[in-house]
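Colleague:
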Amino acid sequence: MIVFVFNSILLGVGLAMDAFSVSLANGLKEPQMRKVKMIKTAGVFGVFQTGMPLIGWLCVHTIASYFTAFQKAIPWIALILLGYIGGSMLKEGISGEVEEIDDTILDKKTLFIQGIATSIDALSVGFTIASYTWYSALISTVIIGVTTFVICMAGLKLGKIFGLKLADRATIFGGIILIFIGLEIFISNVFM
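All letters in the sequence shown, in the order written, are residues 2 to 193 by the numbering used here.
As structure tokens, then:
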């Protein structure tokens, strides 16, 4: 149980790094953001990071359950997807090409688009948690969402204070975490 919670938190941390970077930028660009708006903003990121892995899990169990050979490919898919996403994040962070955010004050439409953009990679996590029961997948995705919420609140607060200086490091850190989680899933499912 402790390993399950720890892995879910690590997945949440790794997946939340894009949202953290965006939250830093949002905090910088709207330094007078009220606490209620901060909670709603972090909440949107948390909801998307909860929903996307759950959608991925549902896809695996509704479509892939008909293909037993596909089940054996899941660790490979997790390794490839998380490695690719993590590698892309590393490349972005090292090259300094983190996505720029529009200079306008954050509105609902922009926040919705940011929520989708920062959580689309979380859809692949549904493949990585495919061996979980429905209840375990739900608990794991809620932990991921809560972790994202907390990280995004910190990002908004830090963004208001420090700005974008931390954004590249957050992307690098998130990339490393996702790569290690992909390796852990692959090794524990293929070699053990």
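The beta carbon of each residue, even a glycine, is placed where N, CA and C say it ideally should be.
Within the chosen definition, does the stretch 52–64 reach the stretch 116–135 through at least 3 CB pairs nearer than 8 Å?
Modeller: Of all C-beta pairs linking the stretch 52–64 to the stretch 116–135, three or more are shorter than 8 Å, placing the two stretches in contact.
Colleague: Which word fits residue 76, buried or exposed, when buried means at least 16 other C-beta atoms lie within 10 angstroms of its C-beta?
Modeller: buried
Colleague: Is it buried or exposed, residue 34, if we count other Cβ atoms within 10 angstroms and call 16 or more buried?
Modeller: buried
Colleague: Can you name, in chain order, every residue of its own chain whose Cβ lies under 8 Å from the Cβ of residue 157, other than the five neighbours on each side?
Modeller: 24, 25, 27, 28, 34, 39, 42, 43, listed in sequence order.
Colleague: How many Å lie between residue 140 and residue 49 at the Cα?
Modeller: 15 Å
Colleague: If you measure between the beta carbons of residue 148 and residue 10, is that distance less than 9 Å?
Modeller: In this structure, residue 148 sits near residue 10, with a CB-CB distance shorter than 9 Å.
Colleague: Among 2, 46, 22, 151, whose alpha-carbon lies nearest the alpha-carbon of residue 120?
Modeller: 46
Colleague: Measuring only the C-alpha atoms, how far is residue 53 from residue 135?
Modeller: About 14 Å.
Colleague: In angstroms, rounded to a whole number, what distance separates the CA positions of residue 18 and residue 174?
Modeller: 8 Å
Colleague: Taking residue 84 and residue 146 to be in contact with their CB atoms under 8 Å, please state how far apart those CB atoms are, rounded to whole angstroms.
Modeller: Distance from residue 84 to residue 146 at the Cβ level is roughly 23 Å; contact not present, criterion being Cβ atoms closer than 8 Å.
Colleague: Taking all protein chains shown into account, decide if residue 96 is buried (16 or more other Cβ within 10 angstroms of its Cβ) or exposed.
Modeller: exposed
Colleague: Give a single yes or no on whether residue 17 has its beta carbon closer than 8 Å to a heavy atom of the ligand FMN.
Modeller: In terms of ligand content, the structure shown is empty, and the ligand FMN therefore cannot be addressed.
Colleague: Here's a check: name, in chain order, each residue in its chain whose Cβ is nearer than 8 Å to the Cβ of residue 170, leaving out the five neighbours to either side.
Modeller: Counting only Cβ-Cβ distances below 8 Å, and skipping sequence neighbours, we find 94.
Colleague: If you compare alpha carbons, which of 144, 162, 190 is closest to residue 7?
Modeller: 144
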